[in-house]
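To start, the structure itself, in structure tokens.
In full-length UniProt numbering, the protein residues as written are 1 to 329.
This is the structure:
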């Protein structure tokens, strides 16, 4: 049995987090119903950067190795599983994705879409799980059986382009905000009905050009909060998944009461394994057929060999990219 594999390890040198491709203990299963995936590609996400810099503490039972999503080939099965060695999958991990091998809950795996590369498939799990949980389960977009209006802030992000494509494929109208002109054009090219520059008057422009919205997916926080309340229809749902521009906001309670707005939000990683399994099942049944039919396409800004993880993180931190950043093995 192997004792070592290669993985990205994080060390602190003079207060700065340094990442290197080095020997690490070969992973072992922690529960029945897991599969060992030989990683071919791993997505880069902002929580990876926070964990790298010790600004985010992963769950106690999670792998200390960075990486929340992978695509690869099933090597082993531990306990009952629908997967078999040789199956090509993409998976939401409980950490550990920046490595040659990772054990994952078999329920959190989805088949690699036909015609997609491992690199493209690795762009799916973290973003699609997040969008489905927050926009459709928490935000209840389309729960009344009718087409609704969705607003996505930071629409050019990996989360943003996923939300655009899923919502459009399910028959909803989508508007986005972004900070740069080229991001607006790309978002419209993947399905956004309207794209608004995130300037001081963004909410007025949205109302003039798109109309009122039913659900807002917001990862910015402070800078967009007041405008969000202005653009809602009655019974709107505001869903937070991050707060990149600040975590504290001033709430006009009468405005919230008049429109009967629901305010919610979540972190994906602390959700139970069963909750994540239910998200995966919904994705398999409702979203994967649209991926297979070509209605949803991979949007990748750039790929890096995993040994160049530092450059990948720098691109993520710089911002301005569109879609996903992916590491390849």
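For every residue, glycine included, the Cβ atom is placed at its ideal position computed from N, Cα and C.
What's the C-alpha gap between residue i and residue j?
{"i": "residue 96", "j": "residue 276", "result": "17 Å"}
{"i": "residue 314", "j": "residue 180", "result": "19 Å"}
{"i": "residue 176", "j": "residue 280", "result": "25 Å"}
{"i": "residue 213", "j": "residue 297", "result": "25 Å"}
{"i": "residue 10", "j": "residue 47", "result": "14 Å"}
{"i": "residue 171", "j": "residue 198", "result": "25 Å"}
{"i": "residue 194", "j": "residue 318", "result": "25 Å"}
{"i": "residue 200", "j": "residue 82", "result": "51 Å"}
{"i": "residue 186", "j": "residue 80", "result": "43 Å"}
{"i": "residue 63", "j": "residue 285", "result": "29 Å"}
{"i": "residue 115", "j": "residue 53", "result": "36 Å"}
{"i": "residue 293", "j": "residue 166", "result": "13 Å"}
{"i": "residue 72", "j": "residue 255", "result": "48 Å"}
{"i": "residue 222", "j": "residue 84", "result": "47 Å"}
{"i": "residue 55", "j": "residue 233", "result": "37 Å"}
{"i": "residue 278", "j": "residue 117", "result": "25 Å"}
{"i": "residue 188", "j": "residue 220", "result": "20 Å"}
{"i": "residue 88", "j": "residue 75", "result": "10 Å"}
{"i": "residue 271", "j": "residue 19", "result": "27 Å"}
{"i": "residue 119", "j": "residue 299", "result": "11 Å"}
How far does the beta strand (DSSP E) with residue i in it extend, from its first residue to its last?
{"i": "residue 43", "result": "34 to 44"}
{"i": "residue 9", "result": "4 to 13"}
{"i": "residue 17", "result": "16 to 25"}
{"i": "residue 325", "result": "324 to 328"}
{"i": "residue 194", "result": "194 to 197"}
{"i": "residue 265", "result": "262 to 265"}
{"i": "residue 233", "result": "232 to 240"}
{"i": "residue 88", "result": "88 to 92"}
{"i": "residue 31", "result": "Neither: residue 31 is in no beta strand (DSSP E) and is coded neither H nor E."}
Under 7 Å Cβ to Cβ from residue i, same chain only, skipping five residues before and after it: list those, please.
{"i": "residue 134", "result": "217, 239, 241, 266"}
{"i": "residue 312", "result": "44, 304, 325, 327"}
{"i": "residue 282", "result": "132"}
{"i": "residue 130", "result": "159, 241, 268"}
{"i": "residue 211", "result": "149"}
{"i": "residue 320", "result": "180"}
{"i": "residue 183", "result": "156, 322"}
Sorted by chain position, which residues of the same chain lie with C-beta nearer than 8 Å to residue i's C-beta, five sequence neighbours on each side aside?
{"i": "residue 306", "result": "8, 21, 42, 98, 327, 328, 329"}
{"i": "residue 100", "result": "5, 6, 7, 38, 39, 329"}
What are the boundary residues of the alpha helix (DSSP H) that includes residue i?
{"i": "residue 125", "result": "125 to 131"}
{"i": "residue 182", "result": "181 to 189"}
{"i": "residue 138", "result": "Careful: residue 138 lies outside any alpha helix (DSSP H) and carries neither H nor E."}
{"i": "residue 288", "result": "288 to 292"}
{"i": "residue 82", "result": "Taken as a continuous stretch (DSSP letters only), residue 82 belongs to no alpha helix (DSSP H), as it is neither H nor E."}
{"i": "residue 164", "result": "158 to 169"}
To the nearest whole angstrom, what separates the beta carbons of residue i and residue j, a pair I think is in contact under 8 Å?
{"i": "residue 156", "j": "residue 178", "result": "5 Å"}
{"i": "residue 377", "j": "residue 6", "result": "Outside the shown range of the chain, which is 1 to 329, sits residue 377, and nothing can be said about it."}
{"i": "residue 191", "j": "residue 168", "result": "4 Å"}
{"i": "residue 322", "j": "residue 301", "result": "6 Å"}
{"i": "residue 229", "j": "residue 253", "result": "About 10 Å; that fails the 8 Å criterion."}
{"i": "residue 259", "j": "residue 227", "result": "Actually they do not touch by this definition, with Cβ atoms about 14 Å apart."}
{"i": "residue 264", "j": "residue 153", "result": "Contact flag wrong, Cβ pair sits at about 15 Å."}
{"i": "residue 151", "j": "residue 288", "result": "Between residue 288 and residue 151 the Cβ distance is about 25 Å, and since that is not below 8 Å, they are no contact."}
{"i": "residue 58", "j": "residue 51", "result": "6 Å"}
Note down, in chain order, each residue of its chain lying with its Cβ closer than 6 Å to the Cβ of residue i, except the 5 sequence neighbours on either side.
{"i": "residue 196", "result": "177, 202, 205, 206"}
{"i": "residue 332", "result": "Because the chain in this structure spans residues 1 to 329, residue 332 falls outside the shown range and cannot be described."}
{"i": "residue 291", "result": "113"}
{"i": "residue 173", "result": "149, 193"}
Contact between the segment 128 to 144 and the segment 97 to 105: three or more CB pairs below 8 Å? A contact between stretches requires three or more CB pairs, one per stretch, nearer than 8 Å, and the segment 128 to 144 fails this requirement with the segment 97 to 105.
Assess, as a yes-or-no matter, whether the segment 245 to 252 is touched by the segment 29 to 49 under the definition of 3 or more beta carbon pairs within less than 8 Å. Contact between the segment 29 to 49 and the segment 245 to 252 is absent, because fewer than three Cβ pairs lie under 8 Å.
Would you check if the segment 202 to 212 and the segment 161 to 169 touch, i.e. whether three or more CB-CB distances between them fall below 8 Å? The segment 202 to 212 and the segment 161 to 169 do not touch, with fewer than three beta-carbon pairs separated by less than 8 Å.
Are the segment 56 to 73 and the segment 117 to 125 touching by the rule of at least three beta carbon pairs closer than 8 Å? Yes, since at least three Cβ pairs between the segment 56 to 73 and the segment 117 to 125 fall closer than 8 Å, the two stretches touch.
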